[in-house]
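Structure first, then comments.
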Amino acid sequence: MHIQIITLFPEMFEPVLNSSMMKIARNKKLVSFEYLDLRDFGLGLRKSVDDTPYGGGNGMVFMIEPLVSAIEKAKSSDPDAEVLLPTPRGKKYSQQEANKLSNLKGMILICPHYEGYDERVTSWVDRQYSVGDYVLTGGELPTMVIIDSVVRLIPGVLGGQNSAIDESFQGDNNQVEYPQYTRPENFRGLKVPGVLLSGHHKNIENWRLANKRKV
Ligand code: ADE
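Going by our numbering, the final residue of the sequence shown carries number 299, and the count climbs one at a time with no gaps.
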């Protein structure tokens with residue numbers, strides 16, 4: 085999967101996207117990243133990307149021209165890529181959405197900042213997602229959340245065959261993963277549930293099923 089990110093802050097991404105599972109996915113050539121600096125598409129001598137909102141109000145709004153120029157540049161190298169826009173107004177992002185996105189060959193993610201963006205840009209957008217009912221400073225963190233959740237589902241990225249299937253939210257009932265324990269058996273009086281030490285596979289399975297719930 086090829087992922088292109090349109091942002092004013094490309095430096096925010098590599099510490100996350102070049103660590104842990106994302107780094108492994110890149111080394112295995114299962115994913116590649118490209119950053120498009122929105123400033124390069126800015127207007128005039130000052131390479132402006134934002135302007136005051138029509139109708140008045142506080143703050144600045146991302147102008148449509150730099151955004152569309154950047155999207156068109158990204159599309160020119162990957163015409164079938166889907167364009168995603170993180171926004172608090174979007175559809176609630178979920179594991180189900182991550183599963184759908186993991187089948188794509190290419191994604192283009194736009195990271196708006198400041199007070200917002202010219203709404204007309206959504207004519208160039210395929211999907212709009214909210215990562216929760218709270219407001220973040222910009223689209224960079226939601227973009228990283230979406231990328232992490234998608235890339236780990238690409239076949240071959242995770243080690244164990246069933247790692248992505250076993251875990252939280254992947255089952256039929258949207259259940260979370262059961263609690264896990266490892267050595268020591270007793271830490272300052274906090275003991276591992278006895279059934280997990282019993283070696284009785286059926287009982288362990290039953291215990292795990294019974295404990296697949298949120299705290
Ligand atoms: N941009 C700012 N806040 C956001 C959120 N909660 N989800 C997606 N994009 C955002």
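C-beta atoms are modelled at their ideal positions from N, C-alpha and C, and glycine is treated no differently.
Since we're looking at a predicted model, the values are computed, not measured.
Bridge-paired residues (DSSP) for residue i
i: Val241; result: None; Val241 has no bridge partner.
i: Pro170; result: Tyr213
i: Ile155; result: BP columns for Ile155 are empty, so no partner.
i: Leu274; result: Phe271
i: Glu118; result: Gln88
i: Phe146; result: Asp134, Tyr201
C-alpha gap between residue i and residue j, whole angstroms
i: Leu188; j: Met85; result: 7 Å
i: Ile155; j: Val167; result: 8 Å
i: Ala158; j: Val205; result: 15 Å
i: Glu98; j: Tyr218; result: 25 Å
i: Pro170; j: Glu199; result: 14 Å
i: Ile288; j: Gly278; result: 10 Å
i: Leu237; j: Glu203; result: 31 Å
i: Glu95; j: Asp162; result: 23 Å
i: Asn183; j: Glu224; result: 21 Å
i: Ala165; j: Asn102; result: 22 Å
i: Ile148; j: Val100; result: 28 Å
i: Ile87; j: Lys286; result: 43 Å
Cutoff 6 Å; reference residue i; Cβ partners in own chain excluding five residues on either side
i: Val276; result: Tyr265, Glu269
i: Val215; result: Tyr177, Pro226, Val229
i: Leu193; result: Ile89, Leu168, Thr227
i: Tyr262; result: Arg292, Asn295, Lys296
i: Pro137; result: Val145
i: Leu185; result: Val234
Own chain, CB closer than 8 Å to residue i, minus 5 neighbours either side, in chain order
i: Val152; result: Val205, Trp208
i: Val303; result: For the chain, the structure presents residues 85 to 299; residue 303 sits outside this window and is missing.
i: Thr221; result: His197
i: Lys175; result: Glu181, Arg211, Gln212, Tyr213, Ser214
Buried or exposed by the 16-neighbour rule on C-beta atoms within 10 Å, applied to residue i
i: Leu281; result: exposed
i: Ser233; result: buried
i: Met191; result: buried
i: Val299; result: exposed
i: Phe117; result: buried
i: Gly126; result: buried
i: Leu129; result: exposed
i: Leu274; result: exposed
Sequence-distant residues of the same chain with beta carbon closer than 7 Å to residue i, five excluded per side
i: Arg123; result: Leu92, Lys131, Val133
i: Pro172; result: Ser214, Val219
i: Arg267; result: none
Unbroken stretches of the beta strand (DSSP E), 3 residues or longer, contained in the region 192-246
211-214
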